[in-house]
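Contents: one structure, followed by commentary.
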Amino acid sequence: MLGYRVVTYNVKGLHSPQKRRKILDQLKQMNCSIAYLQETHLSDAEHEKMNKSWASQVYYSSHKSGRRRGVAILIHRSIQFCFDSSFKDKEGRYVLINGTINGVWVSMLNVYAPNDNSPQFMKSIFNLVLDKAQGMLLIAGDFNCVLNPFLDKSTNSNIQPTTMSRALKNCCEEFGFLDVWRYKHPGDRDYTFFSHPHSTYSRIDYFFVPSNESFRAIDCQIHNITLSDHAPVSMVWDVGRVTTSGRWRLNTSLLGMPAFQATIRDEFISYLEINDKEDVSPIILWEAAKAVLRGKIIQLASTFKKVRTAKRQELEKKVGDLEKQHKKNTTSENLNKLKKAKQELDDLLTEKIERNLRFLKQKYYEHGSRASRLLASQLRKQCSLTTVHKIKSNKSDKPFLYKPNEISEAFAAFYKDLYSDKDRVSDPAVFDNYLKSIKLPTIDPTSAKFIDRPITKEEIEKAIKNLKNNKSPGTDGFTNEFYKNYIDLISPILERAYSDALEKGELPSAWREAIISVIPKEHKDPTDCASYRPIALLNTDCKLLTSILAKRVESVITTVIHPDQTGFIAGRYLPDNVRRLLNVMEHSNNYPFPCMALAVDAEKAFDRVSWPFLLKTLDRFGFGPNFNRWIQLLYAAPRSMVRVNGHISQSFDLGRGTRQGCPLSPLLFALSIEPLAQMIREDVNINGIEIGDKIHKISLYADDILVYLSEPLNSVPKLMDCFAKFGALSGYKVNVNKTEALALNSLVTHQMKAAFSFKWPKDGISYLGTTITQNLDKLYRANYNKLIDKISVDLNRWAVLPLTISGRIESIRMNVLPRLLFLFQTLPLAPPKNMFTILDRLISRFIWQGRRPRVRYKTLQLSKQHGGWGLPHLRHYWLACQLRALIIWISDKTDTRWLEIEKSLCTLTPLSKVPFTENKSLEETLGRWSKTTLAAWREVQKNFGLPCDMSVLSGVAHLKGFIPLKLDAGYKRWGHLNLNYIHQLIEDQELKTFEQLMNEFGLPRSDFYRYLQIRSYLFKHPDWNRIKKSDSPIEQYLTKIQNGKYIGRPISNLYRILSAMKQENTLHIKQKWEAELETEIREEVWDNIASEMHKVTNANLWREFQWKIVHRFFRSPRILAKIDPNRTSECWRECGEVSADHTHIFWKCPLLDNFWCEILDLLDKVFVFSLPRDPLL
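Those letters in the sequence shown? Residues 76 to 1252, by the working numbering.
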């Protein structure tokens, strides 16, 4: 088909979900690309929902009531329509849209004319077209009149045209428009509308095109009248359509069909039994298996589809035949036969739609308000389409390309050029000499052998199980779900295939192919190929291989990659780089030389990595021959193609770069860029910033490089030389004009800034998702103010979504909290006190939709086990994030570079001991960011009643007021014996005996007097009884850290502990129930009610309903009467109760007796024993 199939259809109301689904399904069956719908009877909001179907763009005009008229134009997601402007009335009669399809200007006008014989309406429509339309024009809709009464009506009783018919005909003749169906069928009779009152047919639904564009109307048909009293009319419109190139992809829904799974499994086993021979290569065996299975899957899918559609097609043919008979002979007998056939078809479609709706409702029933993909899709802003409407051309006579094939080929040309190794160094000795000149560590031989060992079946199975669902497949079309379903059959073959590939030194071409999908970058020019991020869609075979290799490399990479690099390396985190920068900035204020930070912008860093350089670098790091061979095979003549707007370009060769989308790529990049980092560290002519006994020169997070420089006039030229030398070999290229510089002290003069071509932003540099201002006092405003404003906008936008209370709370957890947590972790700032108040108010207003809260905010913040709903307590999260630094102090993580700085500033006592002894003069010596961490800890101590001057966490050699410490150095020797903390002196809430300490730590007998001294000090301490119990959860957690048991996910653990220590509860609600029920509710019963209400059903909606009842969310007549004196407090069931409270409404009302009796009878039958009638049951 050369053009797009356009359908005009008066649907006679789409307010019913079933009807809406039937119509959309019918359009889909007709292969509709553009739909003109009339009489939608939808509001603006309901019209917007229609873009969740096959249509990605919807343009409409609604009647103000939202229940009358209404027109809409639906455009299929495969069409590259770029919207320009629209014009519509306020009565839901028409909508005109202008835009481009594949770069060609088009105008589409959808009309629903009044049926009151209004010629003026027709004139206004054509005047609108003359005034506003642009380019190719297509008018369609229900015009409520016939152009030719003789041919367009089934009866000839009145062949006089109405004034509106004459107006329409005159306008067509005057302005040169053709009635497309009549143009294609000059003497035929067919009709689009059946009037039941008059028992007549007429043709009142039309397509009109300008007469000089008649060649664009390739075909026009009138279909059966089935779901409405109008027939859909279709036309193929040629606007220079470019067909898209599709590739086969497994429909994962088939895997949910037991018959399909069993058939494919049998086919797979049968194939292996026949073909798995000794002389067959495992690779050929597997690639051929996929080809055989692909054919079988296509066959099965086709069969299933035929079975599904056969009955519908049969009924549609029957309706069509009967309709033709009725049009020729409108007898009651023919009409009854036609009605019966239509009802059968409608019943069939209704059954299908209701089944689909049932599954959809089941999804919402179970997951609607949970933190799931379903909720995320509701919250996600209606993102701009991923369609690339136009792209810049390098031809002077054609500045932009519009056609999908031209756009995809333009991207292909761009990436072919980007990935071509133009400046390849041919002499391997050049790489060797460069790498030998740098002191790089090597992995030990044992680790190299570990990485080089053969790939095992167990590794493959683990990698398959870790694959994520709902991911796009590579060129072979087999999805991750397929591998998971047949893991037992696939993993043995892959084990042999990987071994065979390594042995023979060749990978199948399919494993080296990729489809590049482009994702637009924010705030970039969408017409520039460079403004898109390429994601390589690899075959799962390749992804499994690289994920296994990545797991092996992860186990050793920290031994060769310097702690300066934190990107994608286990145990290293992005916030550490920012905290290090802030510490360097604070220190630089007192530095005697001018200091600056340089945020280096690399041009397509991942895409420019030279493969020969990468292989030489791996060899220099000591990786074994098998691993290096794997990398050679993966990057031996790989090919890619680009998919844009559904069109796939010609394939092209790659000559460099690591693929974004490959699990191994981030680690390979970190290894490839490490020589540059090490060269900068070693270059004595590049002056870093010295703090303590350490020099700080460079921080890396993958390709985000930040360089610390002093004396920039001397250091910058040397730094650029390093980049140039490295880039000549590796492909790395600095984009100087986009590189941002920040003066770290006032000694950086304007002349120094002018000496370099870097950007010097006045508002600070952008670094790892934060804005770093030169004035550290402006950090909060530059980061938090902008985020809070964005959160406020989002909450206002989400307010219109039909979310439950639990859904709104989950929205906060999954969307708002992560954004705040990012800043909490990266910026060690003490926010102003009102920040959390502002955020809590915004969140509370969102949860309660601007109305008065019915449940305390603090109650919502309780965990579900304690009767709350787990609403994030933002202050506690901030505390937990700050205390993560405290944990790093205690655990003394040597690969955390900011810790070196903060330790160097704490000279009087170890930094790890400072939080657990109260010494104001000591705290004053700390740096600014250490003080923030310490202030957070002091807040925890104060708010949760922890001892301040001494606790089980205090160091034995750093006890406040313990005079012998100043006179006797023997206590410090205890640290050498690993006796450091008070908790090590305690067992079972009692002080250990000296004999126990001797046996456990090896204390000499000569220390017995010291033991007596410290025992006397502890026993006399006013907090000793509380200290020896050490029952505080946070003290217990930090004790484990001090004992060397570093526990992962510290923020989550700390937040959970702080929340558990909070003294909030729901006892005030319990007391209200007790007063109404006139009985005591035991605390264990109440606790059980709170914890079990979230377990009784898998439907979040009913969980929330039960929670609302328990928390007295609903307002009883008694409460309503107190709020509004004009209302009565009598039971609304009119049972006679004059003061109906919660207990009466839900339990005691006499009119509920039968209901509760039926419930108890049903429960008796289910559990086979009688349950008492008890409201606490």
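Note that beta-carbon positions come from the ideal geometry of N, C-alpha and C, so glycine has one too.
Can you tell me whether residue i is buried or exposed, with buried defined as 16 or more other CB within 10 angstroms of its CB?
| i | result |
| --- | --- |
| R916 | exposed |
| M795 | exposed |
| F268 | buried |
| E749 | buried |
| A1217 | A quick correction: the sequence has His, not Ala, at residue 1217. It is buried - the Cβ of H1217 has at least 16 other Cβ atoms within 10 Å. |
| E48 | Because the chain spans 76 through 1252 in this model, residue 48 falls outside it and cannot be assessed. |
| R142 | exposed |
| K436 | Summary for K436: the model assigns pLDDT 46, below 50, so the residue's position carries little reliability; its value from the coordinates is reported in the next sentence. The residue is exposed, with fewer than 16 neighbouring Cβ atoms inside 10 Å. |
| I594 | exposed |
| Q235 | exposed |
| P529 | exposed |
| P787 | buried |
Which residues does DSSP list as the beta-bridge partners of residue i?
| i | result |
| --- | --- |
| S774 | L781 |
| N185 | V170, A215 |
| V809 | A677 |
| I764 | H771 |
| M310 | V81, C295 |
| W361 | Paired residues: none, contrary to the question. |
| Y134 | I148 |
| K210 | Sequence check: residue 210 is Gly here, not Lys. Answer by DSSP bridge pairing: none, since G210 is not bridged. |
| W221 | The question names Trp, yet the displayed sequence has Val at residue 221. In the DSSP output, where bridge partners are listed per residue, V221 has none listed. |
| W180 | T175 |
| P285 | F252 |
| L1066 | I1061 |
| T845 | Y842 |
| P609 | V593 |
| E391 | Answer is none; E391 lacks a bridge partner. |
| Q640 | L775 |
| S277 | K228, F268 |
Can you tell me which of the three DSSP states residue i falls into?
| i | result |
| --- | --- |
| P650 | helix |
| I172 | strand |
| K596 | coil |
| L794 | helix |
| P741 | helix |
| L582 | coil |
| Q1088 | helix |
| E815 | strand |
| S1107 | coil |
| L974 | helix |
| E1167 | helix |
| I154 | coil |
| E353 | coil |
| N1143 | According to the sequence displayed, residue 1143 carries His and not Asn. Helix at H1143. |
| Y573 | helix |
| S938 | coil |
| R718 | strand |
Legend entry - 3 or more residues per run - each beta strand (DSSP E) lying fully within the segment 655–710: 670–675
Legend entry - Touching by the beta-carbon criterion (3+ pairs, under 8 Å), the segment 576–591 and the segment 707–725: yes
Inset, instruction - Pick out the complete alpha helix (DSSP H) segments inside the segment 457–535, 4 residues or longer, and give them in chain order. - result: 479–493, 503–511, 520–527
Inset, instruction - Give a yes or no on contact between the segment 533–541 and the segment 565–578, applying the rule of three or more CB pairs nearer than 8 Å. - result: yes
Inset, instruction - Check whether the segment 957–969 touches the segment 1142–1157, taking contact to mean three or more Cβ pairs, one atom from each stretch, closer than 8 Å. - result: no
Inset, instruction - Would you check if the segment 519–532 and the segment 620–635 touch, i.e. whether three or more CB-CB distances between them fall below 8 Å? - result: yes
Legend entry - Stretch pair the segment 208–215 + the segment 257–277: three plus CB contacts closer than 8 Å: no
Inset, instruction - Determine, using beta-carbon pairs with one atom in the segment 301–316 and one in the segment 79–86, whether at least three such pairs fall under 8 Å. - result: yes
Legend entry - alpha helix (DSSP H) runs wholly inside the segment 856–930, at least 4 long, in chain order: 861–873, 880–886, 892–901, 908–922
Inset, instruction - Taking 8 Å as the threshold, find out whether the segment 289–308 comes into contact with the segment 93–111 through three or more Cβ pairs. - result: yes
Inset, instruction - Jot down the residue ranges of each uninterrupted alpha helix (DSSP H) in the segment 1166–1204, minimum 4 residues, whole runs only, in chain order. - result: 1175–1185, 1192–1198
Inset, instruction - Evaluate contact between the segment 877–891 and the segment 944–951, counting only Cβ atoms and requiring at least three cross-stretch pairs below 8 Å. - result: yes
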